[in-house]
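K.L.:
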């Protein structure tokens, strides 16, 4: 039994390392939009370290967020316990990050796809959500070039 717990702890550390290294923004918030997890993608693109955002409202950190829209999206996820999505074609971004392709890219900002995922506690009640932010700037620019007359 002790060996199994030790393996589980090791695997937990691996998972945490993986989340930190993903080329996807991962942030976990509680029902009040207070940030609890902020991975290195988020640090690199926002310029804010995890220690600067921990426990703070996402709306205080990023006042430009469409609060009504995000509250509605997250509220649906919390109520239904199902994922929600937003594509760059519907809303170009949640958080206005600069694109990190300044030479090859034409975009003024990072186009983003968003997944909002419910995180259930041990009692199965959803108290937190995970937001996953995908940088889709390259694909968005390619699609925009194809649809824009020359």
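Residue numbers (full-length UniProt numbering): 1 to 150.
C-beta atoms are modelled at their ideal positions from N, C-alpha and C, and glycine is treated no differently.
Note that the coordinates shown come from a computational prediction; the quantities given were computed from them, not determined experimentally.
1. If you compare alpha carbons, which of 130, 90, 21, 106 is closest to residue 112?
2. Please report how far the alpha carbon of residue 144 lies from the alpha carbon of residue 107, in whole angstroms.
3. State the DSSP-derived secondary structure class of residue 135, mapped to helix, strand or coil.
4. Over what stretch of residues does the beta strand (DSSP E) that includes residue 42 continue unbroken?
5. Please classify residue 51 as buried or exposed, where buried requires at least 16 other C-beta atoms within 10 Å of its C-beta.
6. In the DSSP output, which residue or residues are listed as bridge partners for residue 130?
7. Output needed for residue 96: all residues of its chain with C-beta closer than 7 Å, excluding positions within five of it in sequence on either side, in chain order.
8. For residue 8 and residue 146, I'd like the C-alpha separation in whole angstroms.
9. Leaving out five residues on either side along the sequence, give the residues of the same chain with a beta carbon under 6 Å from the beta carbon of residue 40.
10. Once you ignore the five residues that flank residue 1 on each side, which residues in its own chain have a CB closer than 7 Å to its CB?
11. DSSP puts residue 35 in a beta bridge; with which residues?
P.N.:
To lay it out plainly:
1. Working through the chain shown from its first residue, we reach residue 112 at position 112. When only C-alpha atoms are compared, the closest one is 90.
2. Working through the chain shown from its first residue, we reach residue 144 at position 144. Working through the chain shown from its first residue, we reach residue 107 at position 107. Distance between the alpha carbons of residue 144 and residue 107 is about 10 Å.
3. Within the chain shown, the letter at position 135 stands for residue 135. The DSSP-derived three-state label of residue 135 is strand.
4. Here residue 42 refers to the residue found at position 42 when the chain shown is read from its first residue. Boundaries for residue 42: no beta strand (DSSP E) harbours it, while the alpha helix (DSSP H) harbouring it runs 40-46, taken from the DSSP string.
5. Start at 1 with the first residue of the chain shown, and residue 51 comes out as number 51. Residue 51 counts as exposed, since fewer than 16 other C-beta atoms from the protein chains shown sit within 10 angstroms of its C-beta.
6. Here residue 130 refers to the residue found at position 130 of the chain shown. Looking at the DSSP output, residue 130 shares a beta bridge with 28, 117.
7. Here residue 96 refers to the residue found at position 96 of the chain shown. Shown here for residue 96: same chain residues with a beta carbon closer than 7 Å to its own, the five before and five after excluded, namely 64, 109 in chain order.
8. Walking along the chain shown from the start, residue 8 turns up at place 8. Walking along the chain shown from the start, residue 146 turns up at place 146. Residue 8 and residue 146: Cα-Cα distance of roughly 48 Å.
9. Within the chain shown, residue 40 is the residue found at index 40, counting from 1. Taken in chain order, the residues that qualify are 20.
10. Taking the first residue of the chain shown as 1, we reach residue 1 at position 1. Caution applies to residue 1, whose pLDDT of 47 falls short of 50 and renders its modelled position unreliable; the model cannot decide the point.
11. By one-based count along the chain shown, residue 35 stands at place 35. BP columns for residue 35 point to 29.
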